[in-house]
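**Student:** Mind having a look at this structure? Questions to follow.
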Amino acid sequence: MNRSTSSEFIRLDRLLAQATGLSRKQAGIEIRKQRVTLDGEVVRDPGLRVPPDAAVRWRDEPVALAGPVYLMLNKPTGLVCARRDPIHATVLDLLPPDLAARVHIVGRLDRDTTGLLLLTDDGDWSHAVTSPRRGCAKAYVAELAEPLVAEAEACFAEGIVLRGEKRPTRPARLERLDDRRARVILHEGRYHQVRRMFAALGNRVLRLHRESVGGVVLDPELAPGRWRALSNEEIARLADCRARAEGEV
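Quick note on numbering: the numbering used here labels position 218 of the sequence shown as 199, and the sequence is numbered without any gaps.
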């Protein structure tokens, strides 16, 4: 077997994560529990650097490192963002079984929210997109039960203390589309954040749709429930969304 050069070596936990769909943390646990072998020998160091074509086995199954997968999906309403759910269908049910088993969800949407959802098997890329310190911008369109109050833009820009929390939200941008519709751009992802921000202003979100993440816009050709691979440009844009986030609010 032709071995890779030293510059192409990869951490064992990263190789295992990319090849199996495990998170880096889960991969490290599997290695420390002595469930991974390299060239027939048990290894215990997640940080061990190995060539991508190393003879690695996990739970006695060969691990092959294929190219990472990056997807966008147009999430329909009614599906949950989970690997499995005892009651509801999940977004992974929309994918072929082999692909669904491989990828994980990057930034969840609640069951009633529609729009852009990202999926990948690249843990490092996923972390770059979702890390709070990067502040990757996410744009939503909200349809509201009541007309927007006059001070809505200022409240979103200043930050809102949500019910049950002490720390205000990070500054967000609100753009009025009409009396009962608004575009909201966030740089964080608290639980049901958009809905709770409008609730703090005495309003209620009837429908919520995510348009974009990190400047990558949901493909208008994708019908609800459909998905496609991201382009190389989209992959790079999302991995580097931090620089753009600084000037977007």
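Each residue gets a CB set at the ideal place from its N, CA and C atoms; glycine is no exception. As the structure is a computational prediction, the values presented were derived from the model and not from experiment.
On the three-pair Cβ rule with 8 Å, is the segment 123 to 139 touching the segment 173 to 184?
**Tutor:** Contact holds: three or more Cβ-Cβ distances are below 8 Å.
**Student:** Just the C-alpha distance for P113 and R171, rounded to the nearest angstrom, thanks.
**Tutor:** Taking the sequence shown and counting its residues from 1, one reaches residue 113 at position 132. Taking the sequence shown and counting its residues from 1, one reaches residue 171 at position 190. One C-alpha to the other measures close to 10 Å.
**Student:** Does the beta-carbon of H168 have 16 or more other beta-carbons within 10 angstroms, so that it is buried, or is it exposed?
**Tutor:** Translated into positions along the sequence shown, residue 168 becomes position 187. By the neighbour-count rule (16 or more Cβ atoms within 10 Å), H168 is buried.
**Student:** How would you label Q15, buried or exposed, when you count the other beta carbons within 10 angstroms and need 16 or more for buried?
**Tutor:** One-based indexing of the sequence shown puts residue 15 at position 34. With fewer than 16 Cβ atoms within 10 Å of its Cβ, Q15 is classed as exposed.
**Student:** Could you check the C-alpha separation between T1 and G9 for me, to the nearest Å?
**Tutor:** The residue labelled residue 1 in the question sits at position 20 within the sequence shown. The residue labelled residue 9 in the question sits at position 28 within the sequence shown. If I take the Cα positions, the gap works out to 13 Å.
**Student:** Output the distance between the C-alpha atoms of D279 and L143, rounded to the nearest integer angstrom.
**Tutor:** Residue 279 cannot be examined here, being either before or after the span of the chain that is shown, -18 to 230.
**Student:** If the criterion is Cβ atoms closer than 8 Å, does the pair T111 and V87 meet it?
**Tutor:** Here residue 111 is taken as the residue at index 130 of the sequence shown, counted from 1. Here residue 87 is taken as the residue at index 106 of the sequence shown, counted from 1. Cβ atoms of T111 and V87: closer than 8 Å.
**Student:** Taking the alpha-carbon positions, what's the G96 to V24 distance?
**Tutor:** In the sequence shown, the residue the question calls residue 96 occupies position 115. In the sequence shown, the residue the question calls residue 24 occupies position 43. Cα to Cα, G96 sits roughly 42 Å from V24.
**Student:** Please list the terminal residues of the continuous alpha helix (DSSP H) segment that includes D200.
**Tutor:** Taking the sequence shown and counting its residues from 1, the one referred to as residue 200 is at position 219. Segment: none, D200 is in no alpha helix (DSSP H) and carries neither H nor E.
**Student:** L52 lies in the beta strand (DSSP E); which residues open and close that run?
**Tutor:** Locating residue 52 in the sequence shown gives position 71, counting from the first residue. Per DSSP, L52 belongs to the beta strand (DSSP E) from 51 to 56.
**Student:** For G9, does the three-state DSSP call read helix, strand or coil?
**Tutor:** One-based indexing of the sequence shown puts residue 9 at position 28. Helix at G9.
**Student:** Between the Cα of K56 and those of A217, V84, L19, R191, spot the shortest distance and give me the residue it belongs to.
**Tutor:** Walking along the sequence shown from the start, residue 56 turns up at place 75. Taking only the C-alpha atoms, the option nearest K56 is R191.
**Student:** Indicate the three-state DSSP secondary structure (helix, strand or coil) for H173 in the structure shown.
**Tutor:** Walking along the sequence shown from the start, residue 173 turns up at place 192. In this structure, H173 counts as coil in the three-state DSSP scheme.
**Student:** Where do the ends of the alpha helix (DSSP H) carrying H168 lie?
**Tutor:** As a first step, residue 168 is located in the sequence shown; it is residue number 187 there, counting from the start. Neither: H168 is in no alpha helix (DSSP H) and is coded neither H nor E.
**Student:** My guess is that V50 and C62 are in contact by the Cβ rule of under 8 Å, so how many angstroms apart are they, rounded?
**Tutor:** As a position in the sequence shown, residue 50 is number 69, starting the count at 1. As a position in the sequence shown, residue 62 is number 81, starting the count at 1. In fact, because the Cβ distance is near 17 Å, the residues do not count as touching under 8 Å.
**Student:** Out of curiosity, what's the CA-to-CA distance linking D231 and W106?
**Tutor:** Past the boundaries of the shown model lies residue 231; the chain is included only from -18 to 230, so the question cannot be answered.
**Student:** With a threshold of 6 Å on Cβ separation, who are the neighbours of R38 within its own chain once the five nearest residues in sequence on each side are excluded?
**Tutor:** As a position in the sequence shown, residue 38 is number 57, starting the count at 1. Counting only Cβ-Cβ distances below 6 Å, and skipping sequence neighbours, we find T18.
**Student:** Nearest by alpha-carbon distance to G206: which of D26, T150, L99 is it?
**Tutor:** To locate residue 206, count along the sequence shown from 1; it is residue 225. For the residues D26, T150, L99, the minimum Cα distance to G206 belongs to L99.
**Student:** Specify the secondary structure class of I216 as computed by DSSP and reduced to three states.
**Tutor:** The count along the sequence shown starts at 1 and reaches residue 216 at position 235. The answer is helix: DSSP assigns I216 an H, G or I state.
**Student:** Would you say the beta carbon of G196 comes nearer than 7 Å to a heavy atom of the ligand NAP?
**Tutor:** The ligand NAP is not among the ligands present in this structure, which contains no ligands whatsoever.
**Student:** Would you mind working out which of G145, A81, L203, R151 sits nearest A138, comparing C-alpha positions?
**Tutor:** Looking up residue 138 in the sequence shown gives position 157. Among G145, A81, L203, R151, the Cα nearest to that of A138 belongs to R151.
**Student:** Nearest-angstrom Cα distance between H85 and L203?
**Tutor:** The sequence position of residue 85 within the sequence shown is 104, counting from 1. The sequence position of residue 203 within the sequence shown is 222, counting from 1. Whole-angstrom Cα-Cα distance: 20 Å.
**Student:** Could you give the distance in angstroms between the alpha-carbon of D41 and the alpha-carbon of K6?
**Tutor:** The residue given as residue 41 occupies position 60 in the sequence shown. The residue given as residue 6 occupies position 25 in the sequence shown. Taking the straight line joining both Cα atoms gives about 20 Å.
**Student:** Is the beta carbon of E11 closer than 8 Å to that of L(-4)?
**Tutor:** By one-based count along the sequence shown, residue -4 stands at place 15. By one-based count along the sequence shown, residue 11 stands at place 30. Cβ distance not < 8 Å, so L(-4) and E11 don't count as in contact.
**Student:** With a threshold of 16 other CB atoms inside 10 Å of the CB of P27, please say whether the residue is buried or exposed.
**Tutor:** For the purposes of this step, residue 27 is taken as residue 46 along the sequence shown, with counting starting at 1. P27 comes out buried.
**Student:** Mapping DSSP to helix, strand and coil, what is T18?
**Tutor:** In the sequence shown, residue 18 corresponds to position 37, counting from 1. DSSP places T18 in strand when its eight states are reduced to three.
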